[in-house]
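In full-length UniProt numbering, the protein residues as written are 1 to 372. Accompanying notes for the structure given below.
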């Protein structure tokens with residue numbers, strides 16, 4: 001990832017005099033930095049491709065990325081700077097439930113008339129009512145939880161399901177979705193444990209849930225704490241089937257916990273597999289990302305998510321015409337009906353802002369790859 005970030009920064013420096021400014025606030029330091037960097041690099045890869053082909057209507061794109069360290073206050077400060085000082089025409093690929101909640105509650109997007117395309121969260125609190133200027137590119141946590149619970153309960157006959165959750169609005173969103181889905185099946189949580197969002201310390205939670213040892217544990221966690229919990233839980237004797245939401249990047253869990261520990265972890269995904277070359281969008285992604293992945297780094301879901309958000313925004317820029325403005329880009333997104341990127345479809349027609357409902361379940365195999 002370090003090599004990818006260096007390449008991205010080099011691309012940004014090359015395009016420093018670009019005419020179309022796009023802003024992004026993600027954690028490139030701290031607990032969520034691996035995923036934040038991947039989102040930024042994925043966007044940079046696609047914008048780089050566009051610039052190499054002459055830009056949008058002859059104008060190059062300048063992606064301006066700011067580090068927020070997964071801190072909502074810094075996300076807000078970054079956004080104000082991007083809007084007021086950098087004069088961005090749009091924002092792309094933000095990260096996290098708490099930062100998005102604060103951003104949407106502030107009405108900063110509406111006040112500036114600037115659209116945001118894509119955010120790494122599926123919380124209902126940012127989806128409904130959301131914002132007319134927030135164009136979401138992924139499914140919600142409730143849709144992911146439904147898939148997981150149906151598999152565990154209906155297909156596998158599992159009845160005792162517990163939850164590990166991050167103690168913040170992200171964790172609350174997933175926790176609420178899980179309780180609601182279980183209630184639909186006349187079930188209750190078998191147990192729950194929480195960990196601190198700032199430290200990522202899962203030791204107590206792992207001990208408690210290993211002692212309880214339900215049939216399954218659903219993790220509402222980000223990648224690093226999920227890896228730590230998985231290792232600690234199994235070391236404490238826990239044998240439950242572990243599942244996690246799409247906020248967990250499987251390759252990071254494998255690196256952090258080791259394949260012998262990560263093997264068997266189930267994960268819901270809200271984008272196609274970045275190795276599924278049957279889809280044109282994935283073939284395009286693989287071709288564009290190839291130069292950045294020579295060192296053997298895996299083309300992660302987060303990298304693909306950043307790439308897809310950038311591609312959707314670029315299409316809106318094209319439709320906005322020469323010298324795009326915030327208003328014309330917003331209108332182009334507003335009018336984007338069933339846009340097929342090549343096997344992945346987003347639809348913002350009829351004033352919809354939740355562009356995709358795609359969800360599939362995967363599992364980390366004994367070889368370190370994902371099975372679907």
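Positions of the beta carbon are idealized from the N, C-alpha and C atoms, including for glycine.
Residue state for residue 271 is assigned as coil, using DSSP reduced to three classes. Residue 287 and residue 81 have their C-alpha atoms roughly 34 Å apart. Residues 316, 319, 320 of the same chain have their beta carbon placed closer than 6 Å to that of residue 332, with the five preceding and five following residues left out of the count. For residue 241, the pairing in a beta bridge is given by DSSP as 216. Looking only at 157, 250, 336, 187, the smallest Cα-Cα distance to residue 219 is reached by 250. For the pair residue 29 and residue 356, the CB atoms are not nearer than the 7 Å cut-off.
In the displayed model, residue 259 falls within a helix according to three-state DSSP.
Residue 25: member of the beta strand (DSSP E) spanning 20–26, first to last residue. Comparing alpha-carbon positions, the option among 165, 47, 23, 208 lying closest to residue 235 turns out to be 208. Closest by C-alpha distance to residue 314, out of 143, 68, 77, 89, is 89. Nearest to residue 125 by C-alpha distance, out of 94, 172, 160, 79, is 172. Of the other Cβ atoms in all chains shown, 16 or more fall within 10 Å of the Cβ of residue 131; this residue is therefore buried. Our two residues, residue 363 and residue 232, have alpha carbons roughly 19 Å apart in a direct line. Secondary structure note for residue 331: its alpha helix (DSSP H) is the uninterrupted segment 326–334. One alpha carbon belongs to residue 46, the other to residue 142, and they sit about 29 Å apart. The continuous alpha helix (DSSP H) containing residue 50 extends over residues 33–52.
Taking a 10 Å sphere around the C-beta of residue 239, we find fewer than 16 other C-beta atoms and assign the residue as exposed. Membership of residue 284 in the alpha helix (DSSP H) is indicated by the continuous run 280–289. Judged by DSSP in its simplified three-state form, residue 66 adopts strand.
Between the region 300–309 and the region 37–46 there are three or more inter-stretch CB-CB distances shorter than 8 Å, so the stretches are counted as touching. The three-state reading of DSSP puts residue 59 in strand, counting E and B together. Around the Cβ of residue 109, a 10 Å sphere holds 16 or more other Cβ atoms; the residue is buried.
Straight-line spacing of the CA atoms in residue 308 and residue 122 works out to 16 Å. For residue 191, the enclosing beta strand (DSSP E) starts and ends at 191–196. Cβ-Cβ separation between residue 267 and residue 244: approximately 5 Å, consistent with a contact (criterion under 8 Å). When beta bridges are read from the DSSP output, residue 175 appears opposite no residue.
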